[in-house]
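**Q** These protein sequences, in sequence, are chains Y and E. Residues 4 to 271 (the working numbering) make up the first sequence, in order. Residues 725 to 973 (the working numbering) make up the second sequence, in order. Using N, Cα and C, we set each Cβ at its ideal position, and we do this for glycine too. If you're wondering where the values come from, they're calculated on a predicted model, not measured in any experiment.
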Amino acid sequence: MTPTRVITITSGKGGVGKTTTTANLGVALGKLGHRVVVIDTDIGLRNLDVVMGLQNRIIYDIVDLVEGRCRLRQALIRDRQVEELYLLPAAQSRDKSAVSPADMVRICDQLRGDCDFVLIDSPAGIELGFRNAIAAADEFILVATPDASAVQDVDRVLGILENQGRSQYSLVINRVRPALVRRKLMASPDQVLETLAIRLLGIVPEAEDVIISNGKGVPVAHDERSLIGQAYRNIARRMLGEDVPFIPLLEGRKSLWRRLDPLRLFRS
Amino acid sequence: MDGSISIKGTREGLTITFGPGDLQRLYEDLARHLRVQGAFFRGGLVALDLGQRVVDAQQIASFRELLAQHTMVLRTIVALNAATLRAAEELGLRTIGPEEQPAPVEPPSPEPEAPPEPTPNPTLAREAISLAGERGLILRRRLRAGQTLRHTGSVLLIGDVNVGAEIVAGGDVVVWGRVRGIVHAGYPDNASAVVCALDLAPMQLRLGGLIARPEEAPAGDRKGVYPEVAYAREGAIVVERWTGIRWED
Chain Y
4 MTPTRVITIT SGKGGVGKTT TTANLGVALG KLGHRVVVID TDIGLRNLDV VMGLQNRIIY
64 DIVDLVEGRC RLRQALIRDR QVEELYLLPA AQSRDKSAVS PADMVRICDQ LRGDCDFVLI
124 DSPAGIELGF RNAIAAADEF ILVATPDASA VQDVDRVLGI LENQGRSQYS LVINRVRPAL
184 VRRKLMASPD QVLETLAIRL LGIVPEAEDV IISNGKGVPV AHDERSLIGQ AYRNIARRML
244 GEDVPFIPLL EGRKSLWRRL DPLRLFRS
Chain E
725 MDGSISIKGT REGLTITFGP GDLQRLYEDL ARHLRVQGAF FRGGLVALDL GQRVVDAQQI
785 ASFRELLAQH TMVLRTIVAL NAATLRAAEE LGLRTIGPEE QPAPVEPPSP EPEAPPEPTP
845 NPTLAREAIS LAGERGLILR RRLRAGQTLR HTGSVLLIGD VNVGAEIVAG GDVVVWGRVR
905 GIVHAGYPDN ASAVVCALDL APMQLRLGGL IARPEEAPAG DRKGVYPEVA YAREGAIVVE
965 RWTGIRWED
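#1: Thinking Val-157(Y) and Val-207(Y) are a contact (beta carbons under 8 Å), I'd like their distance in whole angstroms, please.
#2: Can you confirm whether Gly-901(E), when its beta carbon is compared against all beta carbons of chain Y, has any partner nearer than 8 Å?
#3: List, in order along the chain, the chain E residues whose C-beta lies closer than 7 Å to that of Gly-162(Y)?
#4: Once you ignore the five residues that flank Asp-150(Y) on each side, which residues in its own chain have a CB closer than 8 Å to its CB?
#5: Going along chain Y, which residues have a C-beta under 9 Å from Trp-759(E)?
#6: Across which residues does DSSP place His-875(E) in a beta bridge pair?
#7: Does the beta carbon of Thr-23(Y) sit closer than 8 Å to a beta carbon anywhere in chain E?
#8: Select from Ser-14(Y), Gly-71(Y), Pro-192(Y) and Leu-164(Y) the residue whose C-alpha is nearest the C-alpha of Arg-759(E).
#9: Are the stretch 738-754 of chain E and the stretch 766-782 of chain E in contact at 8 Å, needing three or more beta carbon pairs?
#10: With burial defined as no fewer than 16 other Cβ atoms inside 10 Å of the residue's Cβ, what is the status of Ile-882(E): buried or exposed?
#11: If you run the structure through DSSP and keep just helix, strand and coil, what is His-794(E)?
#12: Check whether the stretch 895-905 of chain E and the stretch 159-173 of chain Y touch, using three or more Cβ-Cβ pairs below 8 Å as the test.
#13: Report the rounded CA-to-CA distance for Ala-893(E) versus Leu-747(E), giving the unit in angstroms.
#14: DSSP three-state label for Glu-197(Y), please.
#15: Does DSSP put Asn-27(Y) in a helix, a strand or coil?
#16: I'd like to know whether the C-beta of His-875(E) is nearer than 8 Å to at least one C-beta of chain Y.
#17: Run the CB neighbour count on Val-962(E), radius 10 Å, all protein chains shown included, and call it buried at 16 or more, exposed below.
#18: Who are the Cβ neighbours of Asp-98(Y) in its own chain at under 7 Å, not counting the five residues just before and after it?
#19: Residues of chain E with a CB under 8 Å from the CB of Gln-113(Y): which are they?
#20: Name, going along the chain, the residues of the stretch 197-229 of chain Y whose beta-carbon falls closer than 9 Å to a beta-carbon of chain E.
#21: Check the C-beta distance from Gly-29(Y) over to Leu-122(Y) and give it rounded, since I have them as a contact under 8 Å.
#22: If we count Cβ pairs, one from each stretch, closer than 8 Å, do we get three or more for the stretch 60-68 of chain Y versus the stretch 138-150 of chain Y?
#23: Beta carbon of Ala-915(E): closer than 7 Å to some heavy atom of the ligand FAD?
#24: How is Asp-773(E) classed by DSSP in three states: helix, strand or coil?
#25: Taking buried to mean at least 16 other C-beta atoms within 10 Å of its own C-beta, is Pro-222(Y) buried or exposed?
#26: Tell me the residue span of the alpha helix (DSSP H) that contains Ser-216(Y).
#27: Mapping DSSP to helix, strand and coil, what is Thr-13(Y)?
#28: Measuring CB atoms only, is the stretch 784-795 of chain E touching the stretch 860-874 of chain E, in the sense that at least three cross pairs come out at less than 8 Å?
#29: Going by the CB atoms, is the gap between Gly-910(E) and Leu-931(E) shorter than 8 Å?
#30: Only counting the same chain, and skipping five residues up and downstream in sequence, which positions put a Cβ closer than 7 Å to that of Asp-124(Y)?
#31: Is the Cβ of Arg-180(Y) closer than 8 Å to any Cβ of chain E?
#32: Please list, in chain order, the residues of the stretch 881-896 of chain E that have any C-beta partner in chain Y closer than 7 Å.
#33: In whole angstroms, give me the CA-to-CA distance for Ala-812(E) and Thr-800(E).
#34: Where are the alpha helix (DSSP H) runs, 4 residues long or more, that stay fully inside the stretch 16-84 of chain Y, in chain order?
#35: Which bits of chain E does Arg-109(Y) rub up against, with CB to CB less than 8 Å?
#36: Please tell me whether Leu-91(Y) and Ala-78(Y) are closer than 8 Å, where the distance is taken between their beta carbons.
Have a look at this one:
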């Protein structure tokens, strides 16, 4: 078995799609046959269970685990559809201080060797909840929408990670609206990358699919006909090292998207 | 970390004391420690206690650069050896020698040291900056939002200054890259300092006590991108395309 990859999905800013990204990458990697554990670290405001449609099945949560009321196996909830996808839910009561960075390292060390991926859904902000979320991670997926504040927050988070000597990060640009980009009313992925200068993992357009599937508790990555689902499945394959071309989202402006060669854009 | 480095925080900054041990080894230990703890110390002023060692200016400069990479400013050298103290003075650093010890280390003030007093003649003023022995700081990196690079002398940055990042320098600032954040040259009051950049579109530009803000146009809308220089003329900041500026005026 290859070593477990512990990856934190984070952004600084709230509402950019961290939880949606975590759930969909969990589903997409699971569908590719990998054993995946997703962890919700947003204690007090848990959401990942809802997006995955598992909220009714929670018996123990991460705080129960940390405080010794259950074993790790008991707290993991198996996904309804994907065989080897498990959720470690956040607690609904309590706050971020119920878990420490050292607790996160301990939990992830226990998972290492037992699964292929641990995906950690970070809360917004750069305070304790964020520090918990990044403590155990080997890699980071930054999520930004194309607006200036989201990009600046990701830049800030990258600075914090750099200062800690962390260097394995890549970017998902979320909720891109091609029509607005074409009319220069929204920053293009190129412009976002000019500022952030990290490896591009994927571009996800804004679409109703996501809202509908999040409401149903069935992540869109399940939907084989959805373009958004395809975007997430492509990201999962790029995480595995495959060279997957980017979907040409801007009809008539394909040249713009062809330039988004992830290899060329990769910087350490 | 090796036991021979002690880092003590005060309200004003940090005192790093080197115990016995090889200097190169201490450098590596400190570098490792900063990588792990860098975020915690960021932006701080540092006094470095070298004890009895003989350390030359180049070695001190390498520590200053290491600290600068973590956006910390080396301000004071504490040493017992006269040659070491002279080397520190050469670099324009504050020194605390044996006669001032073992009294407690003077806490560094919250702001970097002022550059030399500017003289009325701008050409002379520039000479005065270099005569003060303040070597420039050369850094190759990207400054990201929330990161501030402070240096008492001039700064050459090879890389971009992102939106929300900041350079504060006592002397001139040259950026081989894009400037999107804030650059303050000639801090705090030397308006004869200049800022040069390949692509100068800052949030704000300050020269000494002068402040300029670019016209409200997103960076993407600008006509062309070319190297520019910002300097003070008649009490205002002007930005000109770099076409071989003659400093003598």
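**A** The short version:
#1: Looking up residue 157(Y) in the first sequence gives position 154. Looking up residue 207(Y) in the first sequence gives position 204. Not a contact, Cβ separation roughly 15 Å.
#2: Residue 901(E) sits at position 177 when you count from the first residue of the second sequence. No, because no Cβ of chain Y sits closer than 8 Å to the Cβ of Gly-901(E).
#3: Along the first sequence, read from residue 1 onward, the residue named residue 162(Y) stands at position 159. Here the neighbours are Arg-868, Ala-869, Gly-870 and Gln-871.
#4: As a position in the first sequence, residue 150(Y) is number 147, starting the count at 1. Hits under 8 Å: Met-189 and Ala-190.
#5: Numbered from its first residue, the second sequence carries residue 759(E) at position 35. It is worth fixing the name first, because residue 759(E) is Arg in this sequence and not Trp. Simply Asn-166, Gln-167 and Gly-168.
#6: Looking up residue 875(E) in the second sequence gives position 151. Answer is Ala-893(E), bridged to His-875(E).
#7: Taking the first residue of the first sequence as position 1, residue 23(Y) is located at position 20. For Thr-23(Y), the answer is no, since every Cβ of chain E falls outside 8 Å of its Cβ.
#8: Residue numbering aside, residue 759(E) sits at position 35 when the second sequence is read from its first letter. The option with the nearest alpha carbon to Arg-759(E) is Leu-164(Y).
#9: yes
#10: Taking the second sequence and counting its residues from 1, one reaches residue 882(E) at position 158. Around the beta carbon of Ile-882(E), fewer than 16 other beta carbons sit within 10 angstroms, so the residue counts as exposed.
#11: Translated into the one-based positions of the second sequence, residue 794(E) becomes position 70. Residue state, collapsed to three classes: coil.
#12: By the criterion of at least three beta-carbon pairs nearer than 8 Å, the stretch 895-905 of chain E is not in contact with the stretch 159-173 of chain Y.
#13: Taking the second sequence and counting its residues from 1, the one referred to as residue 893(E) is at position 169. Taking the second sequence and counting its residues from 1, the one referred to as residue 747(E) is at position 23. So the alpha carbons of these two residues sit roughly 28 Å apart.
#14: For this step, residue 197(Y) is matched to residue 194 along the first sequence. The answer is helix: DSSP assigns Glu-197(Y) an H, G or I state.
#15: Against the first sequence, residue 27(Y) aligns to sequence position 24. Looking at Asn-27(Y) - three-state DSSP - the assignment turns out to be helix.
#16: As a first step, residue 875(E) must be located in the second sequence, where it is residue number 151. No, because no Cβ of chain Y sits closer than 8 Å to the Cβ of His-875(E).
#17: As a working note, residue 962(E) is residue 238 in the second sequence. Exposed.
#18: If you number the first sequence from 1, residue 98(Y) lands on position 95. If we look at Asp-98(Y) and ignore the five residues flanking it on each side, its Cβ neighbours are Ile-46 and Gly-47.
#19: Counting from one through the first sequence, the residue named residue 113(Y) turns up at place 110. Chain E residues near Gln-113(Y): none, gap ~23 Å exceeds 8 Å.
#20: Glu-197, Thr-198, Leu-199 and Ala-200
#21: Here residue 29(Y) corresponds to residue number 26 of the first sequence, with the count starting at 1. Here residue 122(Y) corresponds to residue number 119 of the first sequence, with the count starting at 1. About 5 Å separates the two Cβ atoms, so the contact holds.
#22: no
#23: No copy of the ligand FAD appears in this structure; indeed no ligand is present at all.
#24: Here residue 773(E) corresponds to residue number 49 of the second sequence, with the count starting at 1. Strand at Asp-773(E).
#25: Indexing the first sequence from 1 puts residue 222(Y) at position 219. By the neighbour-count rule (16 or more Cβ atoms within 10 Å), Pro-222(Y) is buried.
#26: As a position in the first sequence, residue 216(Y) is number 213, starting the count at 1. That run of the alpha helix (DSSP H) goes 211-219.
#27: Counting from 1 along the first sequence, the entry for residue 13(Y) is found at position 10. Strand.
#28: Yes, since at least three Cβ pairs between the stretch 784-795 of chain E and the stretch 860-874 of chain E fall closer than 8 Å, the two stretches touch.
#29: In the second sequence, residue 931(E) corresponds to position 207, counting from 1. In the second sequence, residue 910(E) corresponds to position 186, counting from 1. Leu-931(E) is a Cβ neighbour of Gly-910(E), given a cutoff of 8 Å.
#30: Taking the first sequence and counting its residues from 1, one reaches residue 124(Y) at position 121. In its chain, beyond the 5 residues on either side, Ile-12, Lys-21, Thr-22, Thr-25, Val-41, Ile-42, Asp-43, Thr-44, Asp-45 and Leu-51 have a beta carbon closer than 7 Å to the beta carbon of Asp-124(Y).
#31: Walking along the first sequence from the start, residue 180(Y) turns up at place 177. Cβ-Cβ to chain E under 8 Å: no for Arg-180(Y).
#32: Asn-886, Val-887 and Gly-888
#33: Indexing the second sequence from 1 puts residue 812(E) at position 88. Indexing the second sequence from 1 puts residue 800(E) at position 76. Straight-line Cα distance between these residues: approximately 8 Å.
#34: Runs of the alpha helix (DSSP H) lying entirely within the stretch 16-84 of chain Y and spanning at least 4 residues, in chain order: 21-34, 51-54, 65-69 and 75-78.
#35: Taking the first sequence and counting its residues from 1, one reaches residue 109(Y) at position 106. Simply none; closest approach about 19 Å.
#36: Translated into positions along the first sequence, residue 91(Y) becomes position 88. Translated into positions along the first sequence, residue 78(Y) becomes position 75. Taking 8 Å as the Cβ cut-off, Leu-91(Y) and Ala-78(Y) qualify as a contacting pair.
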